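Peer 1:
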Amino acid sequence: MDTMAISCNSLIMDLFLTNTQLFISQDASQLGVYRAFVDNYKVAVETAEKCCQANSQFAEISEVSSKVTYIILAKQALLYKPVDRVTRSTLVLHDLLKHTPSSHPDHPLLQDALRISQNFLSSINEEITPRRQSMTVKKGENRQLLRDQFMVELVEGSRKLRHVFLFTDLLLCAKLKKQTGGQGQQYDCKWYIPLADVTFQTIDESESSPVPQIPEEEIDAMKVKISQIKNEMQREKRVCKGGKVLDRLRKKLCEQESLLLLISPCMAFRVSNRNGKGYTFLISSDYEREEWREIIREQQKKCFKSFSLTSLELQMLTNSCVKLQTVHNVPLTINKEYDESTGLYGFLNVIVHSATGLKQSLNLYCTLEVDTFGYFVNKAKTRVYRDATEPNWNEEFEIELEGSQTLRLLCYSKVRQCRDDGENMDRIMAKGQIQLDPQSLQGKDWQRTVISMNGIEVKLSMRFTSREFSLKRMPSRKQSGVFGVKIGAVTKREHSKVPLIVRQCVEEIERRGLEEVGIYRVSGVATDIQALKAAFDANNKDISVMMSEMDVNAIAGTLKLYFRELPEPLFTDELYANFTEGIALSDSVAKESCMLNLLLSLPEPNLLTFLFLLDHLKRVAENESVNKMSFHNLATVFGPTLLRPSEKDSKIPSNPTQPISMSDSWSLEVMSQVQVLLYFLQLEAIPTPDSKRQSMLFSTEV
């Protein structure tokens, strides 16, 4: 009887596969028979598997019987292919009804057919198995989707956008096909690896295929374009809520954001199959890479054996990805509502207190990552706390936020030095993340929190300062100090051309920090910076000894803090607008004349200090291959510090959760500041200070 049920279902299915227009005819009501097939589907499959186990003769027949084997091994296609045909035919019915006059004798029949098909599809959708449940594998085990994500794959030196699916027994890399003619999403499988065969390439194996680096200038230019398009869209929405112009801008935004998504990540995540064939994905964070490694290793403990999928099985699995996916859209802001929070802009002070829960003594340190422009960047690193089960760092860091929403923390066990390309070789012991809630971070008090991860707990304190407040220029209460005091007053008091603090910090950094990875970008310990600030303000005679014993990142942080706390920025309030307008000139000759004359218009202490700093930054960039600090990276760090509008002219929003158009205006302003400094860094020759006394050939007005 059970065998007969299987044969009946097979016969019914063949009828549906060979007659795709069945329900358009007068017999559309026979969809009820197919409904019965679907209802009996699970019982029929279970019965077939029981028969195979109970009767060896039946099992032998099933291996050679294409019809029974098709039911057992390809049931997902049997179940869904007719549903797909019903879906397509339903669309045909819609079109037929549009072009069929209501007086036509076929009109009532078409209406009935449409009603029956829609009711059928609704019942299927309501009772469909859970999204994350895929097809049944040969052993009767459920194949489930564990994780999926859009990632960038490196293919013969080119970056390709992929959708990666991790199932309980295999890793599948697919390409999302372009949607045409109203069809839904479709995937094309590029490759798959059974989890039993997945290995992670070692450092030595991966060195032969270095990751091509995208110039920072190219990424920055794309961010500017995105900000400009968003501003245009906001203006268009205010004038007209729709229309072709807005559609065109949406298309441009999607194109630019897709390009940014492709070129931004540069950290390699490499996997291989059992034949040694390697595949490389590019991601932006060590945190994300470790997440994928962890979940794959955990699943591999279940000891799945290697296997191969037939082309039919692979096609079925790829088709099922459309229904199973949990990430439906490429992570672009075009897919988000504009009223969503755009994150925090300003400075986040973080104190990493201590860690508990370690089972053995380790040389442990932590790194902090925050998201910026959609991908994560390493912002701070604690010192290595050696041979301890309960390390107490108590180190404070100041992290700049650019629309950030998440703070990530990673704990590493120190193994050996980093590779030449900057990729970490130390072992990740734990990782965790917290959302940066604007409401809880608004107060002036420190917010204490604990991040629990893999049995290890790390205690943190956080305090947020909005960008508007952080750039308020507070004059020093101690005029005999150097911080918050006009640069001209300091040089006059010291009888120097360049403030002593600038000279001493630069000398120490050039002595032992030119090869420090991320110098000026990685935050120094805030308590060390404050100690140096107090020593400089007090005119401490032992400042050189004090600096020689401190982490070089703290000295770099002290220099940045000095420029940031000047009552007036180095490029002055008066000339700020001229510089930002001059950098926008399209004619290269006019731009050079304008920018140089503006530079020579600075007060002499400002000019000499800037030229001194400029020479230093160029020496830092000469070591880019080691310290990873290019001209663009340095301009990004120092540009917004040396060039700032006066408070009354600033476009910086006062509310850190401002509408997206306001944050984009701020982004454009910051980009302009970066471009000004980058321009001077890239100039081969800057006139000597003596040329300032020569007659001006061009007006400083732009």
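Residue numbers are given in UniProt numbering: position 485 of the sequence shown equals residue 485, and the series is strictly consecutive.
Note that the Cβ used here is the ideal one computed from N, Cα and C, for glycine as well.
The model shown is predicted, which means the values in this text are computed figures rather than measured ones.
1) Grab me the residues of Ile686's own chain with a C-beta within less than 6 Å of its C-beta, minus the 5 sequence neighbours each way, in chain order.
2) Rounding to the nearest angstrom, what Cα-Cα distance links Leu246 and Cys240 in this structure?
3) CA-CA distance, Leu171 and Ile263?
4) Exposed or buried, which one is Glu684 when buried takes at least 16 other CB atoms within 10 Å?
5) Just mark Gly379 as buried or exposed, buried being the case when its beta carbon has 16 or more other beta carbons within 10 Å.
6) For Val330 versus Ile399, is the C-beta distance shorter than 8 Å?
7) Measuring only the C-alpha atoms, how far is Gln201 from Gly276?
8) With DSSP collapsed to three states, give me the class of Arg512.
9) Going by other Cβ atoms of all chains shown within 10 Å of its Cβ, with 16 needed for buried, is Ser258 buried or exposed?
10) Under three-state DSSP, which class holds Lys190?
11) With burial defined as no fewer than 16 other Cβ atoms inside 10 Å of the residue's Cβ, what is the status of Glu153: buried or exposed?
12) Roughly how many angstroms lie between the CA atoms of Lys512 and Val552, to the nearest whole one?
13) If we call anything under 8 Å between Cβ atoms a contact, is Ile583 one with Ser646?
14) Suppose contacts are defined by Cβ-Cβ distances below 8 Å. Is Ala535 in contact with Met546 by that definition?
15) Compare the C-alpha of Lys628 against each of Tyr576, Val522 and Leu677 and name the closest.
16) Which of the three DSSP states is assigned to Lys459 in this structure?
17) Could you name the residues of the same chain whose beta carbon sits closer than 7 Å to that of Thr3, not counting the 5 residues immediately before and after it, in chain order?
18) When the Cα atoms are used, what is the spatial distance from Lys190 to Gly518?
19) Taking one C-beta from the stretch 425-443 and one from the stretch 391-398 each time, how about it: are there three or more such pairs within less than 8 Å?
20) Span of the alpha helix (DSSP H) holding Gly557?
21) Would you call the stretch 524-539 and the stretch 439-455 touching, i.e. three or more CB-CB distances under 8 Å?
22) Looking at C-beta atoms only, is the number of pairs between the stretch 300-311 and the stretch 230-239 that lie closer than 8 Å three or more?
23) What would DSSP say about Met671, mapped onto helix, strand or coil?
24) Name the two residues that bound the continuous beta strand (DSSP E) containing Ile428.
25) At the level of alpha carbons, what is the spacing between Val626 and Leu324?
26) How would you write the range of the alpha helix (DSSP H) that Gly278 sits in, first residue to last?
27) Please go through the same chain and pick out, in chain order, the residues whose beta-carbon is closer than 8 Å to the beta-carbon of Gln433, but skip the five residues on each side of it.
28) Measure how close the beta-carbons of Gly343 and Ser404 come, nearest whole angstrom, since I'm counting them as under 8 Å.
29) What separation, rounded to the nearest whole angstrom, lies between the Cα atoms of Leu253 and Ser227?
30) Starting from Glu400 and walking both ways along the beta strand (DSSP E), at which residues does that stretch end?
31) Should Asp188 be listed as close to the ligand FAD, given that the test is whether its C-beta is under 7 Å from any heavy atom?
32) Is Asn597 helix, strand or coil when you go by DSSP?
33) So for Thr356, helix, strand or coil by DSSP?
34) Is Glu684 helix, strand or coil by DSSP?
35) If you run the structure through DSSP and keep just helix, strand and coil, what is Arg383?
36) Between Leu364, Val485, Glu494 and Val670, which has its C-alpha nearest Ala577's C-alpha?
Peer 2: Looking at the coordinates:
1) Counting from one through the sequence shown, the residue named residue 686 turns up at place 686. Hits under 6 Å: none found.
2) Start at 1 with the first residue of the sequence shown, and residue 246 comes out as number 246. Start at 1 with the first residue of the sequence shown, and residue 240 comes out as number 240. Leu246 and Cys240: Cα-Cα distance of roughly 9 Å.
3) Translated into the one-based positions of the sequence shown, residue 171 becomes position 171. Translated into the one-based positions of the sequence shown, residue 263 becomes position 263. When the Cα atoms are used, Leu171 and Ile263 turn out to be separated by approximately 24 Å.
4) Here residue 684 corresponds to residue number 684 of the sequence shown, with the count starting at 1. By the C-beta density criterion, Glu684 is exposed, having fewer than 16 other C-beta atoms within 10 angstroms.
5) Position 379 of the sequence shown holds residue 379. It is Lys, not Gly, that sits at residue 379 in the sequence shown. A buried status is given to Lys379, since no fewer than 16 other beta-carbon atoms sit within 10 Å of its beta-carbon.
6) Sequence index remark: in the sequence shown, residue 330 carries index 330 (1-based). Sequence index remark: in the sequence shown, residue 399 carries index 399 (1-based). Not in contact: Val330 and Ile399 (Cβ atoms no closer than 8 Å).
7) Against the sequence shown, residue 201 aligns to sequence position 201. Against the sequence shown, residue 276 aligns to sequence position 276. When rounded, the distance between both Cα atoms is 9 Å.
8) In the sequence shown, the residue the question calls residue 512 occupies position 512. In this structure, Arg512 counts as helix in the three-state DSSP scheme.
9) Within the sequence shown, the letter at position 258 stands for residue 258. With fewer than 16 other Cβ atoms within 10 Å, it is exposed.
10) Locating residue 190 in the sequence shown gives position 190, where the first residue counts as 1. Of the three classes helix, strand and coil, the one that applies to Lys190 here is strand, per DSSP.
11) Numbered from its first residue, the sequence shown carries residue 153 at position 153. Here Glu153 is buried. Its C-beta has 16 or more other C-beta atoms within 10 Å.
12) Taking the first residue of the sequence shown as position 1, residue 512 is located at position 512. Taking the first residue of the sequence shown as position 1, residue 552 is located at position 552. Sequence check: residue 512 is Arg here, not Lys. Between the alpha carbons of Arg512 and Val552 lies a gap of roughly 7 Å.
13) Here residue 583 corresponds to residue number 583 of the sequence shown, with the count starting at 1. Here residue 646 corresponds to residue number 646 of the sequence shown, with the count starting at 1. No, the Cβ-Cβ distance between Ile583 and Ser646 is not below 8 Å.
14) Residue mapping note: residue 535 aligns to position 535 of the sequence shown, counting from 1. Residue mapping note: residue 546 aligns to position 546 of the sequence shown, counting from 1. Judged by beta-carbon spacing, Met546 lies within the 8 Å limit of Ala535, meaning their Cβ atoms are closer than that value.
15) For the purposes of this step, residue 628 is taken as residue 628 along the sequence shown, with counting starting at 1. Ranking the options by Cα distance to Lys628, first place goes to Val522.
16) Within the sequence shown, the letter at position 459 stands for residue 459. Lys459 falls in the strand class under three-state DSSP.
17) Here residue 3 refers to the residue found at position 3 of the sequence shown. Note that Thr3 scores 48 on pLDDT, short of 50, meaning its location in the model is unreliable and no value can be drawn from it.
18) Your numbering for residue 190 matches position 190 in the sequence shown. Your numbering for residue 518 matches position 518 in the sequence shown. The alpha-carbon atoms of Lys190 and Gly518 are separated by roughly 37 Å.
19) The stretch 425-443 vs the stretch 391-398: no contact.
20) The count along the sequence shown starts at 1 and reaches residue 557 at position 557. Gly557 -> alpha helix (DSSP H) spans Val552 to Arg564.
21) Counting Cβ pairs under 8 Å, fewer than three are found: no touch.
22) As far as the Cβ criterion goes, the stretch 300-311 does not touch the stretch 230-239, which means the pair count is below three.
23) Taking the first residue of the sequence shown as position 1, residue 671 is located at position 671. Note: Met671 maps to helix in three-state DSSP.
24) Position 428 of the sequence shown, counted from the start, is the residue given in the question as residue 428. Unbroken beta strand (DSSP E) run through Ile428: Arg427 to Gln435.
25) Here residue 626 refers to the residue found at position 626 of the sequence shown. Here residue 324 refers to the residue found at position 324 of the sequence shown. If I take the Cα positions, the gap works out to 44 Å.
26) Working through the sequence shown from its first residue, we reach residue 278 at position 278. Per DSSP, Gly278 belongs to no alpha helix (DSSP H); it is in the beta strand (DSSP E), Gly278 to Ile283.
27) Residue 433 sits at position 433 when you count from the first residue of the sequence shown. Within its own chain, the residues whose Cβ lies closer than 8 Å to the Cβ of Gln433, once the five positions on either side in sequence are excluded, are Tyr287, Thr406, Leu407, Arg408, Leu409 and Ile451, listed in chain order.
28) Position 343 of the sequence shown, counted from the start, is the residue given in the question as residue 343. Position 404 of the sequence shown, counted from the start, is the residue given in the question as residue 404. Right, their Cβ atoms sit about 5 Å apart.
29) Residue mapping note: residue 253 aligns to position 253 of the sequence shown, counting from 1. Residue mapping note: residue 227 aligns to position 227 of the sequence shown, counting from 1. Approximately 9 Å, taken between the alpha carbons.
30) Walking along the sequence shown from the start, residue 400 turns up at place 400. Note, Glu400: beta strand (DSSP E), Asn392 to Ser404.
31) You won't find the ligand FAD in this model; it holds no ligand whatsoever.
32) Taking the sequence shown and counting its residues from 1, the one referred to as residue 597 is at position 597. Asn597 falls in the helix class under three-state DSSP.
33) Indexing the sequence shown from 1 puts residue 356 at position 356. Reduced to three states, the DSSP call for Thr356 is strand.
34) The residue given as residue 684 occupies position 684 in the sequence shown. The answer is coil: DSSP assigns Glu684 none of H, G, I, E or B.
35) As a working mapping, residue 383 is identified with position 383 in the sequence shown. In the displayed model, Arg383 falls within coil according to three-state DSSP, outside both helix and strand.
36) The residue you call residue 577 lines up with position 577 of the sequence shown. Ranking the options by Cα distance to Ala577, first place goes to Val670.
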